[in-house]
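A.B. asks: Residue numbers (numbering that gives the first Met the number 0), protein chains in the order written: chain A, 0 to 242; chain B, 0 to 242. For each residue, glycine too, the CB sits at the ideal point set by N, CA and C. In this text the structure is predicted, and so the values were computed from the model without any measurement. This is the structure I have questions about; it appears just below.
Protein chains: 2
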Amino acid sequence: MAKLYVVGIGPGNYENMTIRADRALQSCDTIIGYHVYVDLVKPWYPDKEFLTTPMTRETQRCQMALDEAMKGKNVAMVCSGDSVVYGMAALIYELRGENIQPEIEVIPGLTAACSGGALVGAPLTHDFAVISLSDRLTPWEKIEARLTAAAQSDLSMVLYNPASHGRPDHLRHACEILGRVLPGDRLCAVARNIGREGESWLTCTLEQLPEQEVDMFCTVFIGNAMTQSIGGKMVTPRGYRHG
Amino acid sequence: MAKLYVVGIGPGNYENMTIRADRALQSCDTIIGYHVYVDLVKPWYPDKEFLTTPMTRETQRCQMALDEAMKGKNVAMVCSGDSVVYGMAALIYELRGENIQPEIEVIPGLTAACSGGALVGAPLTHDFAVISLSDRLTPWEKIEARLTAAAQSDLSMVLYNPASHGRPDHLRHACEILGRVLPGDRLCAVARNIGREGESWLTCTLEQLPEQEVDMFCTVFIGNAMTQSIGGKMVTPRGYRHG
């Protein structure tokens with residue numbers, strides 16, 4: 000019976016995929032996804048069938064994946080980063096509902112908290128929150144409340160979708176909210192194009208963060224009270240040295 | 000010049016490692032780590048030198064990795080899950096300080112939020128907090144404050160280290176804290192031995208969660224207000240169906 004794999008491909012380079020994701024993509028007939036992600040994997044699996052839909056057509060894309068699998072094909076729906084963390088796995092389950100066909104296998108991948116964290120240093124050695132600044136599907140008030148709660152309880156933070164074409168100011172607004180709780184010299188970092196052409200990163204203070212140019216290919220890290228710069232890297236000590 | 004790789008090996012099976020982690024472990028001379036993780040990778044790279052230290056000797060283990068690399072060996076320090084998320088990368092940076100030798104390359108891996116999330120369903124489609132219930136290096140009051148803040152701002156949660164030999168009651172205490180804010184029927188899940196022998200998972204309500212037997216090889220998921228059971232899986236919808 001055909002199978003639908005929901006595959007987290009990680010940040011976008013072949014080496015940062017898991018062996019399991021690679022095997023699933025090798026074994027499938029059809030690869031479906033947002034065109035940017037399909038274009039990333041195409042050179043590695045050139046003999047597959049490729050199907051894409053435009054950016055905001057997530058429901059259409061997931062339904063297409065279910066339909067193709069029901070036709071008897073082995074289908075891989077590719078997601079950037081992880082398949083679960085802001086990924087398509089939930090929508091695939093929703094659309095299948097209580098049916099048991101097609102069989103679904105969710106294959107995890109490196110989310111930007113991990114791939115970007117390793118790039119900027121070691122910022123997530125302690126508890127942290129992952130918060131998307133996109134208000135396309137979440138009211139901004141809820142995002143504000145989450146930023147405030149995370150800051151007040153000294154959680155490090157990873158901010159996904161810090162800006163998009165339609166909304167360039169989300170990061171600046173988030174910094175205003177965080178600045179009401181956190182000191183201006185709190186260490187932060189920006190990772191850009193992780194694992195892809197043009198990969199870069201920088202550290203700065205919370206005060207300097209609104210001046211950084213960010214786009215939808217950036218991930219932002221906010222340190223906790225212990226986070227420090229060591230050899231230029233953003234490092235949150237766990238406290239092991241006293242252990 | 001010799002290099003020190005800090006490698007996240009993921010949940011513990013070969014397939015869930017990244018291609019990059021596999022290549023680093025293939026290319027190194029010496030693999031260092033906590034003996035449980037070294038035993039996991041030993042069968043895949045049998046011709047390496049292996050060095051281990053007991054559980055709480057993190058500083059000794061990381062210093063050993065730095066020292067071996069300074070002798071001219073290519074060394075891989077293996078971490079369960081990710082190398083940054085509660086991993087050893089920060090301590091390696093701390094111990095090296097402002098020195099530029101040995102060269103360090105941090106290689107990310109699947110953290111339990113991702114590998115466990117894919118196992119129980121798709122619980123992290125929305126913003127979430129990752130919180131360790133171990134109070135070995137964090138005061139319990141701080142953990143409580145983070146649980147409360149996450150619950151009040153409707154973050155899903157992933158709880159690492161829900162119990163250990165010394166402290167079997169941490170999850171029960173956490174459930175008490177969460178129960179002051181969240182309804183008793185909030186959907187939760189427990190993932191056990193992800194990617195290893197004895198892998199299993201279950202969903203239950205927050206009210207039922209304290210009755211579950213958990214150990215240090217379990218990861219616990221707490222849903223947000225939208226999380227639901229679909230086909231037996233724990234699913235947090237992102238809201239795409241309205242898009």
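1) If you draw a straight line from the C-alpha of Leu-123(A) to the C-alpha of Val-74(A), how long is it?
2) Where DSSP assigns a beta bridge to Tyr-44(B), which residues make up the other side?
3) Just verifying my parser: in three-state terms, what is the DSSP assignment at Thr-55(B)?
4) What is the rounded straight-line gap between the Cα of Ile-31(B) and the Cα of Gly-230(B)?
5) At a CB-CB cut-off below 9 Å, which residues of chain B make contact with Val-180(A)?
6) According to the Cβ coordinates, are Asp-21(B) and Ile-18(A) closer than 8 Å?
7) Can you tell which of Ser-114(B), Ala-173(B), Ala-144(B) and Ser-82(B) has its C-alpha closest to the C-alpha of Arg-237(A)?
8) Should the region 131-143 of chain B be called in touch with the region 77-97 of chain A, which here means at least 3 C-beta pairs below 8 Å?
9) Can you grab the Cα-Cα spacing for the pair Met-233(B) / Ala-68(A), in whole Å?
10) Nearest CA to the CA of Glu-198(B): which residue from Thr-204(B), Ala-190(B) and Leu-205(B)?
11) Output needed for Glu-57(A): all residues of its chain with C-beta closer than 8 Å, excluding positions within five of it in sequence on either side, in chain order.
12) Quick one: which residues of the region 8-21 of chain A get their C-beta closer than 8 Å to a C-beta of chain B? List them in chain order.
13) When the Cβ atoms of the region 214-224 of chain B are set against those of the region 107-122 of chain B, are three or more pairs found closer than 8 Å?
14) Alpha carbon to alpha carbon, what distance is there between Ala-1(B) and Glu-102(B)?
15) Would you say Asn-223(A) reaches chain B, if we count a Cβ-Cβ gap shorter than 8 Å as a contact?
16) Using a Cβ cut-off of 9 Å, pull out every chain A residue sitting near Arg-95(B), in sequence order please.
17) The beta strand (DSSP E) spanning Ala-128(A) covers which residue range?
18) Whole-angstrom Cβ separation of Ala-188(A) and Leu-201(A), contact assumed at under 8 Å?
19) Output the residue ranges of the beta strand (DSSP E) runs that lie fully inside the region 194-242 of chain B and measure 3 residues or longer, sorted by chain position.
20) Could you work out which residues of chain B lie near Thr-110(A), taking near to mean beta carbons separated by less than 7 Å?
21) In angstroms with no decimal places, state the Cα-to-Cα distance between Arg-240(B) and Gln-151(B).
22) Could you give the distance in angstroms between the alpha-carbon of Asp-184(B) and the alpha-carbon of Ser-155(B)?
23) Quick one: complete alpha helix (DSSP H) runs, 4+ long, within the region 87-131 of chain B?
24) Of all the CB atoms in chain A, is at least one closer than 8 Å to the CB of Val-219(B)?
25) Using DSSP's beta-bridge definition, name the partner residues of Thr-137(B).
26) For a cutoff of 8 Å on Cβ pairs, would you count Arg-237(B) as touching chain A?
27) Give the straight-line distance between the Cα atoms of Ala-117(A) and Val-6(B), rounded to the nearest whole angstrom.
28) Taking the straight line between their C-alpha atoms, what separation do you get for Cys-174(A) and Phe-216(A)?
29) Could you have a look at Thr-17(B) and say whether DSSP puts it in helix, strand or coil?
30) Using a cut-off of 7 Å between C-beta atoms, extract the partners of Gly-120(A) located in chain B.
31) Looking at chain B, is there any beta carbon in it that lies within less than 8 Å of the beta carbon of Asp-134(A)?
32) With a CB to CB cut of under 6 Å and the five nearest residues on each side skipped, what residues in its chain are close to Arg-195(A)?
33) If you reduce the DSSP assignment to three classes, tell me which class Gly-178(A) lands in.
34) Using a cut-off of 8 Å between C-beta atoms, extract the partners of Pro-107(A) located in chain B.
35) Under three-state DSSP, which class holds Ile-31(A)?
36) What are the residues of the region 152-171 of chain B that lie near chain C, defined by any Cβ-Cβ distance shorter than 8 Å?
C.D. replies: So, from the listed chains and residues:
1) 34 Å
2) DSSP output for Tyr-44(B) lists no bridge partner at all.
3) coil
4) 42 Å
5) Those within 9 Å of Val-180(A) in chain B number zero; the least Cβ separation is about 11 Å.
6) yes
7) Ser-82(B)
8) no
9) 22 Å
10) Ala-190(B)
11) Met-87 and Leu-90
12) Gly-9, Tyr-13, Glu-14, Asn-15, Met-16, Thr-17, Ile-18, Arg-19 and Asp-21
13) yes
14) 7 Å
15) no
16) Ile-229 and Gly-230
17) 127-131
18) 7 Å
19) 199-204, 217-221, 227-229 and 232-234
20) Cys-113
21) Residue placement at Arg-240(B) is poorly supported in this model, since its pLDDT is 47, which falls under 50; the coordinates still yield a value, given next. So the two alpha carbons sit approximately 26 Å from each other.
22) 14 Å
23) 88-95 and 111-119
24) no
25) In DSSP, Thr-137(B) forms no bridge with anything.
26) yes
27) 10 Å
28) 18 Å
29) strand
30) Tyr-92
31) no
32) Gly-11
33) helix
34) Asn-15, Leu-109, Cys-113, Ser-114, Gly-116 and Ala-117
35) strand
36) Among the protein chains of the structure shown, namely A and B, there is no chain C.
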